[in-house]
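Next comes the structure, spelled out in structure tokens:
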């Protein structure tokens, strides 16, 4: 869907945020550096000096000169840096376009550990590279783009920044949506006895799975925890199935038509919500003596907040795929990806943020040149030992030994090598970022789902935020996994 929706949109703006480095074509004149040696090529190959070293000790000593953890993560997605540097090149007006007819065959991760490791590198690289381009939006002013081109590039950067904000709070958004949708099944009109206690189990199980993700991400390699991750992914898929069959909207999102007799039938699942939202609007208007028209449909809160967002997502996916003459994936893999989407947020995102101190290529082998020539082995037939030959020598040796035993050993100077300092620094940064991420998401959940004693979970702030999320989806502004 990215190649169907995102890439053509970015191509219209003239700035494609990421192009595959192994399958892209650039004008060489656009890549060249200027007379001062500054330009796209320099920035692109800067990642090679950051991640690959000839001497490990020298790399550790020169860590501060060669780049911080932020920079190293950013250059995990050097393709994004190259795209940004080309568009924002000083005194130039280069644009990037997406060529739909071009295609290539590539290998994809076919095991869960490989997928997690690969997505860790991609997510961290794209996140930090996205922050870099948004923060340095002023680079556009040094380019030679026209006023309108710069204006539309600003619009695209705002869109990308909004997406990054959604990606940052995706952990909280998933839990909020799950909580509201499952809690709405507790409505008395459903007649589901004991559903409240079942939802409590689901909510705590969701949190327990999330905690397991953090523990595994901080202490285990994906290759050594394949079974754990498989169970977690299947569990999130089952929760996703429960969310899909839950009512799509909480109580307060329904219009005044719900006050009519038989309104209990209106708490419905996503498959028929379009039909019943229109019926609700029609019944309410006719009950008040009015005449129903097509325009009245859009006055129904349910239709506006739910149906439009659903149609603009799933219907847009299908229609755009048909227009693109590539609809097969909608019938062969869409449902599987739908079930896998919670794991992409809760499992992969957690692992990525928990390992920002890891700046390796993940599932790719490290290209490291070995310069260690080894140690030449030496063979000896014996050792030299000083043996006293007289009483004087024995007494002197005894006195020396007593002196050594009576003297206090000098304090040992503990020194930390540069590589250890670098590792500690990276882990400290990882801890700080992870704390901010977890606490900000937890704060959002607490602020949206906090209710007074005895009040319904579908409080005003919950409904407003739910509508905000739905309209964001309707506007095709969403965080990419």
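Numbering (full-length UniProt numbering), first residue to last: 1 to 481. We put the CB at the ideal spot given by N, CA and C, even for glycine.
From residue i to residue j, what distance separates their C-alpha atoms?
i	j	result
residue 314	residue 472	14 Å
residue 318	residue 327	7 Å
residue 96	residue 26	9 Å
residue 416	residue 410	19 Å
residue 359	residue 75	9 Å
residue 438	residue 356	14 Å
residue 426	residue 112	26 Å
residue 236	residue 13	37 Å
residue 316	residue 213	33 Å
residue 37	residue 331	51 Å
residue 133	residue 158	11 Å
residue 202	residue 424	38 Å
residue 208	residue 199	14 Å
residue 81	residue 44	7 Å
residue 435	residue 428	11 Å
residue 10	residue 195	45 Å
residue 32	residue 126	24 Å
residue 225	residue 124	21 Å
residue 446	residue 88	41 Å
residue 338	residue 164	21 Å
residue 29	residue 42	14 Å
residue 146	residue 152	10 Å
residue 173	residue 450	14 Å
residue 180	residue 98	39 Å
residue 395	residue 406	16 Å
residue 193	residue 220	41 Å
Please name the residue in the options whose C-alpha comes closest to that of residue i.
i	options	result
residue 354	198, 119, 38, 30	119
residue 336	76, 398, 240, 135	240
residue 507	185, 11, 68, 170	Because the chain is modelled from 1 through 481, residue 507 falls outside the range shown and cannot be assessed.
residue 86	134, 72, 139, 412	139
residue 422	11, 209, 23, 68	68
residue 39	91, 6, 4	91
residue 100	7, 468, 197	7
residue 156	16, 147, 339	16
residue 344	232, 405, 412	232
residue 242	218, 149, 182, 195	182
residue 3	77, 131, 323, 143	323
residue 144	137, 164, 102, 93	93
residue 448	469, 18, 121	469
residue 431	217, 125, 114	217
residue 20	28, 78, 465, 34	78
residue 131	107, 110, 108, 160	160
residue 341	399, 5, 244, 321	244
Give every residue of the same chain whose Cβ lies closer than 8 Å to the Cβ of residue i, excluding the five residues on either side of it in the sequence, and list them in chain order.
i	result
residue 116	222, 229, 347, 348, 351
residue 137	154, 157
residue 211	none
Ordered along the chain, which non-local residues of its own chain (more than five positions away) have a Cβ less than 7 Å from that of residue i?
i	result
residue 206	175, 178, 239
residue 128	70, 73, 74
residue 23	104
residue 433	353, 356
residue 197	none
Once you ignore the five residues that flank residue i on each side, which residues in its own chain have a CB closer than 6 Å to its CB?
i	result
residue 57	Low confidence applies to residue 57: its pLDDT is 48, below 50, so where it sits in the model is not reliable, and the reading given next is rough at best. Taken in chain order, the list of residues that qualify is empty.
residue 265	Residue confidence for residue 265 is low, a pLDDT of 35 falling below 50, so the modelled location carries little weight; the figure read from the coordinates is stated next. Nothing meets the Cβ criterion.
residue 61	Residue placement at residue 61 is poorly supported in this model, since its pLDDT is 46, which falls under 50; the coordinates are not used for a value here.
Say yes only if the C-beta of residue i is nearer than 6 Å to one or more non-hydrogen atoms of the ligand ATP, and no if none qualify.
i	result
residue 128	As for the ligand ATP, it is missing from this structure, which has no ligand bound.
Could you tell me which whole alpha helix (DSSP H) segments of length 4 or greater appear in the region 321–347? 328–332, 334–343
Restricting to runs no shorter than 4 residues, where is the alpha helix (DSSP H) found entirely within the region 136–208? 147–168, 170–183
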